[in-house]
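Q: For the record, in the sequence shown the residue sitting at position 131 is 437 according to the numbering used here, with numbers rising by one throughout. Ideal placement from N, C-alpha and C gives every residue a C-beta, glycine not left out. Computed from a predicted model, the values in this text were never measured in an experiment.
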Amino acid sequence: MKEKIIEKASDMFLTVGFKSVTMDDIANEMGISKKTIYQHFKNKTELVEACTMHRCDFITNGINCIRGLHNNPIEELYDIKGFVLSNLKDEKSSPYYQLQKYYPKVHVALRSKIYQQMDSCILENLKRGVEEGFFRKDIDVDVISKFYFYGMMELKNGDVFPPHQYSMPYLMEVFLDYYVRGIATEKGLLILNSIINSKQ
307 MKEKIIEKAS DMFLTVGFKS VTMDDIANEM GISKKTIYQH FKNKTELVEA CTMHRCDFIT
367 NGINCIRGLH NNPIEELYDI KGFVLSNLKD EKSSPYYQLQ KYYPKVHVAL RSKIYQQMDS
427 CILENLKRGV EEGFFRKDID VDVISKFYFY GMMELKNGDV FPPHQYSMPY LMEVFLDYYV
487 RGIATEKGLL ILNSIINSKQ
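1. Which residue from Val414, Glu438 and Asp444 puts its Cα closest to that of Gly494?
2. What is the DSSP secondary structure of Phe441, counted as helix, strand or coil?
3. Output the distance between the C-alpha atoms of Phe319 and Val327, rounded to the nearest integer angstrom.
4. Taking the alpha-carbon positions, what's the Asn499 to Gln404 distance?
5. Over the uninterrupted alpha helix (DSSP H) stretch that includes Asn401, give me the two end residues.
6. Going along the chain, which residues of its own chain have a beta-carbon closer than 7 Å to the beta-carbon of Ala356, five neighbours each way excluded?
7. Closer than 8 Å by C-beta to Val412: which residues in its own chain qualify, once you throw out the five before and the five after it? Chain order, please.
8. Could you please give the first and the last residue of the uninterrupted alpha helix (DSSP H) stretch that includes Tyr454?
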């Protein structure tokens, strides 16, 4: 039952937003009593934390599967972007921004977990890109990996990029194009341009 509650609540939080969804809403949607939810989660904050960590683990597992395909590093970045977007709904409710505003401790814990899980992934992608000639040999992979992580996280900042003005797919597309062009060799740019042209 706990897993089912997490699945349903996660879906509702991402669609409607963390602030808007109540424990009553979740109970009604599932056809169970609120008491049943409280047997597994002592309050809404605990449920929000369980849902965000569960979603983080799910996305991390998906990213690891993509990495296991051993595509070239630039294709890998675009495959990861596609997978992440497909699992974030349309984000009209700005769930990440709401999490930051209404559940700051959960937000800090989630950001830390994402960094721990993504740091080695980004570094490995950069190192492989350099070794295989897609990324320039003179880049500082440690610094660039941090640029990528913190740049990507900032896309979810509703103060900087209001969701009614910028869609997440558009922001991620622009960011990834900017990021790859800054570090790619001519060989890498050929791959990047072929990916972009294939989408037009």
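A: So, from the listed chains and residues:
1. Gly494 has its Cα closest to that of Glu438, out of Val414, Glu438 and Asp444.
2. In the three-state scheme derived from DSSP, where H, G and I count as helix and E and B as strand, Phe441 is classed as strand.
3. The straight-line gap from Cα to Cα measures roughly 6 Å.
4. Taking the CA atoms as reference points, Asn499 sits about 36 Å from Gln404.
5. It should be noted that the sequence gives Pro, not Asn, for residue 401. Looking at the DSSP string, the run of the alpha helix (DSSP H) that includes Pro401 is Pro401 to Tyr408.
6. Taken in chain order, the residues that qualify are Ile312 and Phe347.
7. So the list reads Thr351, Val354, Glu355, Thr358 and Leu405, once near-sequence residues are dropped.
8. Run containing Tyr454: Val447 to Glu460, per the alpha helix (DSSP H) assignment.
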